[in-house]
Structure formats: C-alpha cells, structure tokens
C-alpha cells in the first residue's frame, strides 16, 4: 500500500442542492431524482455553507446533474455570505465552450478572492448527457474533456493568445482579458482507463469513491503510475459519507435508523437502474453490497459493514458515493487515518442531514483527528475567521 507520511489532511463538505433529509435520499447518478423534506432554498443553502465554514471545512462540493440546481449559480450566490469557504464546483465539459469555462472560472476567482476549485464530471450515463444535448459516448466525452481542460488551463496560465484545433474543440486567437491571480485546482474522478488517463494528465487532485482502504490505495498506485508517465504528481481525495457519534453504539444506532427507513422496493428499483450505469466507479460501488440482493426489512446494519467501520447502506438507494464511515469520533478519525496512510489527503464528506452532521464532524471528529497528531488544514484559521466575522457583525459601530 502507498504510504503517506504527511500528517496534514484537508476536509471538504457536500452541498445537497436538490434538498436535504434525515433519511438517506434515494436517486441521482442515473437512478432517478433525489427527494427530501428540506428544500434547498437560499436560506438553507446559506445555513449549510456557513456551517461548513464554521466547522473548518475547506470547501463544499456542489454537484451537477438534472436532479440538482445549477452549480455555478449556487456557488456565486454564496460568495457574499461566506468569508473563507471555497466552492468545489462540478461541471460538465461540453456543456459550454472551453473559453466560456475559462472566463467563468476567472471571474469567480476574482469576485470570491480565489475561492474556486473545479470538479470535472464527464457523465457516466448516455441518456442523461443527451438531456443536455450531448450525444458523444463515454470514451469521446473523456477525450473532449481532455481538450477542454488543455484550453482552459492554458488560458488561465498564459498571456499569449491561444489557437487550438482538436478532435472535438477548436478556438482561434483567444486570450482572457483578465487571467485569474490563481488558477483553480482541478479535481477529477474516474475508475475506467480513459478516466484515469485524463485525470493523470489534467487533474490536480484525483478523486475516488470510498472503497476499503487497501482497494482505494491500489487505485492510487494505478493513477500514480499513469501520472508519472505524464511527468506529474497528484494529490488524492476520497468521497465518503460519515455517521460519527460520541460512542460506537450511538453511531450504529443511527446507521440502523437510516437503514430501517429504506423501502425494499426502492432498493430493487434503484439498483435495477444503477445496473445499467456505464460508470466503472458505480459498478464498483454496487458490487460492495451485492447490488442490494440480500437487503430485506429488518436487516442488521452491521450486515452491510464490509470493512471495520465502512458501511455500504447508503449505496442501496443512492447512486454515486455509497459508503459511510461509522463509529465513535475516535473510530472515524482512526479510519480516516487509514485512508491517509494509503495516500489520501482530501476527504469530501457528507451526512444526513448535512447541517447537523457538519457539526458532528467539526466538533467531534476533528478534535479526535488532532488528538491523533493529524493536522486538519485551515481548520483553526477557518474557525478564527468565521468567529471574528460573526463577532464583527454582532458588535454595533460606535463613533
């Protein structure tokens, strides 16, 4: 297993722009629409963003898809209500021109003071891509993404006008009127060979969903080998849910509560849809729980524990990231440390509901990580800046 001796990690949170719930929300990623009893209006999104900032998360991942709000507009609306929080905006190459993408990112960096990161999503389902007017197949989408990122990164970093003629994209004599002071880091996931190839060439952070640490570490080694061919070194991130409580018993009781709220008919319907997914990462997720074939009402939550503290219950009804870290604050921190030792330094976390669970991580897991000698980047700075900003808002001006 690839060993990481660096004790620093970066925590990110997730912004459910389709709504939030106290139950595991079904759908998304080719399996249907999400649903939740908490509407993702501006007021609630503001609460989520400020909670993430208050609890020391570096950024919030904002998803893209037919099942959620448009990511760029959400991120832009939250600049003014946050101070230090960054926005990991998911976007689909091909939905807009690469020149417009470069402009969007440069403008966001300027307006936010450099608080943008980009998550590239090529789309794992042909039928959803066609809803966007995109009729390329998956291999072609990765090839186009490679071209789009070459154009955008060149425009962010070089002043001279660019002319580019590719297989899918062409631009002539283009440069940005105002390049960003700092180019946004690019996060890319992908378990297939084309996905890994593009990530190795263009990403700053490679992302994967939460398989057991050993399997996830093997994927890192594969990406590292490809990145070495490109003469590059990447950082690595893992996307996980988290159920952390003061005691192990409380955490598993919460997992059981979430599991008891799942309808077997929903599992069958959603897994049937996910079985048709073209995503290699999705296949690996559903294989972890056997496509839900063993699920039935009354099942014990521990029956879906595939590695100590790693639970696949979320993936029964949610496409995409389907595993959760479950345990006491100290146990979850220890499992995060296992992933860190495997080579991961970025952790994109979420929980149900996202508002309350942000505090379970910030007030419970982060101190446990620190007690284990792990430094959570920006945590103290974010807490200080957010607290100071809040204090300044509460103290009236006196001449």
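In our numbering, the protein residues as written are 162 to 560. Think of the CB as a built atom: it goes at the ideal place given N, C-alpha and C, for glycine as much as any other residue. All values reported here derive from a predicted model rather than from experimental measurement.
Item                                                                                                                : Value
Inter-residue spacing [alpha-carbon to alpha-carbon] between residue 501 and residue 494                            : 10 Å
Cβ-based neighbour list, residue 525, same chain, cut-off 6 Å, excluding 5 preceding and 5 following                : 405 and 490
Residue 404 - partner residues in DSSP beta bridges                                                                 : 487
Which of helix, strand or coil DSSP assigns to residue 251                                                          : strand
Length at least 3, wholly inside the stretch 239-309: the beta strand (DSSP E) runs in chain order                  : 247-252 and 277-281
Stretch pair the stretch 263-270 + the stretch 330-340: three plus CB contacts closer than 8 Å                      : yes
In chain order, each beta strand (DSSP E) run of at least 3 residues that lies wholly inside the stretch 314-355    : 323-326, 331-335 and 347-350
Rounded straight-line distance, which links the Cα of residue 220 to that of residue 172                            : 8 Å
The ligand ZN heavy atom lying under 8 Å from the CB of residue 457                                                 : This structure lacks the ligand ZN; in fact it carries no ligand of any kind.
Inter-stretch contact at 8 Å, needing at least 3 Cβ pairs: the stretch 291-306 / the stretch 316-325                : no
Length of the line joining the Cα atoms of residue 466 and residue 297                                              : 38 Å
Cutoff 7 Å; reference residue 231; Cβ partners in own chain excluding five residues on either side                  : none
N-terminal and C-terminal residue of the beta strand (DSSP E) that residue 174 is part of                           : 169-175
Proximal residues to residue 371 (C-beta, below 6 Å), its chain only, five neighbours per side dropped              : 399, 401 and 484
Residue 176 vs residue 242 beta-carbon contact at 9 Å                                                               : no
Separation of residue 211 from residue 421, as counted between CA atoms                                             : 31 Å
Pair within 9 Å by beta-carbon distance, residue 330 and residue 357                                                : no
Spatial distance of residue 352 from residue 376 (CA atoms)                                                         : 12 Å
Residue span of the alpha helix (DSSP H) that contains residue 214, given as start and end                          : 203-215
Cβ-Cβ distance between residue 365 and residue 384 below 9 Å                                                        : no
Three-state secondary structure assigned by DSSP to residue 179                                                     : coil
Three-way DSSP call (helix, strand, coil) for residue 218 in this model                                             : coil
When 369, 299, 204 and 278 are compared against residue 250, the one with the closest alpha-carbon                  : 278
Residue 500 in three-state terms, based on DSSP                                                                     : helix
Residue 185, enclosing alpha helix (DSSP H) - first and last residue                                                : Counting along the chain, residue 185 falls outside any alpha helix (DSSP H), and DSSP gives it neither H nor E.
Where the alpha helix (DSSP H) through residue 515 begins and ends                                                  : 515-521
Identity of the residues DSSP links to residue 466 by a beta bridge                                                 : 472
Residue 425 classed as buried or exposed, judged by whether at least 16 other C-beta atoms fall within 10 angstroms : exposed
Distance CB(residue 350)-CB(residue 289) smaller than 9 Å                                                           : no
Proximity below 9 Å, CB of residue 208 to CB of residue 510                                                         : no
Coarse secondary structure for residue 506, derived from DSSP in three states                                       : coil
CB-CB length for residue 488 against residue 470, believed under 8 Å                                                : 5 Å
Counterpart residues of residue 370 in DSSP-defined beta bridges                                                    : 400
Straight-line gap, residue 448 to residue 476 (C-alpha atoms, nearest Å)                                            : 10 Å
Buried or exposed by the 16-neighbour rule on C-beta atoms within 10 Å, applied to residue 334                      : exposed
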